[in-house]
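Step one of this worksheet: look at the structure below.
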Amino acid sequence: MKAFAVSAFALVLFAATCSAASIDNRGLLDGALKNALEGLRPKVKDLAINDTSINIDKPELQVNATIKNGLVEGLDKFVTRRLTTTLLPLRLTNLTLTWDKVKITGVYDLFACLNFPTLPDVTKIFGAGKFKIQFHGIFFTIAADFVFENGHFKIPKNGLHGCDVSLKESKVELDNLLGGGEKGDILNKYISFFIPEFINDHKQTIFDVAREPIIEMINDYLAGNSNKL
């Protein structure tokens, strides 16, 4: 009986120790993620975009476009709506961020030909000048698996999943679109209406393209290499 009592006490003590360690380690993970998010704010404030060229050559879609002097404003104004983790397995089960407004400005040069079956004829879209795009009511949620290596947390390859993104509305202003005037205004309004629907329909494709850069950026922050952004 005495041996049973001693064994039972030892098991209880071991369980309590493990529980305390789990709480400490989970708190460490939560703290690392919260610090990474806060460390991200100054880095994404007034974020410059590298000059970009877009070239697509398909039977139904041909695009030649450049974007220069791009600037993203408002990314640092995110609100952390939810951050939950588990220790076994080591996982970020839900990170939800929201933005009231994000604005992108720059200079564009565009020429495109659309030849989709739904169109009555080949449609040409062109323009060059300044642009401004505003996104309102952005919702972003994601989950991630973590490992602990070399003294810090990191996300392994393909460890990012459960992405969901949406926005309430967008407002697009491309100067001199279709040469300016009424036609350009109508197309700007159509693009503004179309963007939220496009993101909703193609969010998985967008996430697949962005997955690796996001993992690299998060791992740099968790490793203390925030200057790599």
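Letter by letter, the sequence shown follows residues -20 to -1, 1 to 209 of mature numbering (1 follows the signal peptide of the UniProt record, and there is no 0).
A virtual CB, placed ideally from N, CA and C, is assigned to each residue, including glycine.
Cα-Cα separation, Ala(-5) to Leu70: Because Ala(-5) sits at a pLDDT of 30, beneath the cut-off of 50, its placement in the model cannot be relied upon, and the following sentence gives the value as read from the coordinates. Each residue's alpha carbon lies about 20 Å from the other.
Cutoff 7 Å; reference Ile34; Cβ partners in own chain excluding five residues on either side: Val43, Ala45
For Ile166 and Leu157, what's the separation of their Cα atoms in angstroms? 10 Å
What do you reckon, are the CB atoms on Gly117 and Leu147 nearer than 9 Å? yes
Cα-Cα separation between Leu68 and Ile198, rounded to whole angstroms: 21 Å
Would Tyr88 be called buried (16 or more neighbouring beta carbons within 10 Å of its own) or exposed? buried
Give the list of continuous beta strand (DSSP E) stretches no shorter than 3 residues that lie fully inside the region 2 to 52. 27 to 29, 32 to 37
Could you check if Phe128 is buried or exposed, using at least 16 other CB atoms within 10 Å of its CB as the buried criterion? exposed
Could you tell me which residues DSSP pairs with Thr66 in its beta bridges? Arg71
Go ahead and pull the three-state DSSP assignment for Val145. strand
What residues match up with Ser150 in a beta bridge as DSSP calls it? Phe115
Taking Cβ to Cβ, would you say Lys83 is nearer than 9 Å to Val102? no
DSSP on Leu202, reduced to helix/strand/coil? Helix, per DSSP.
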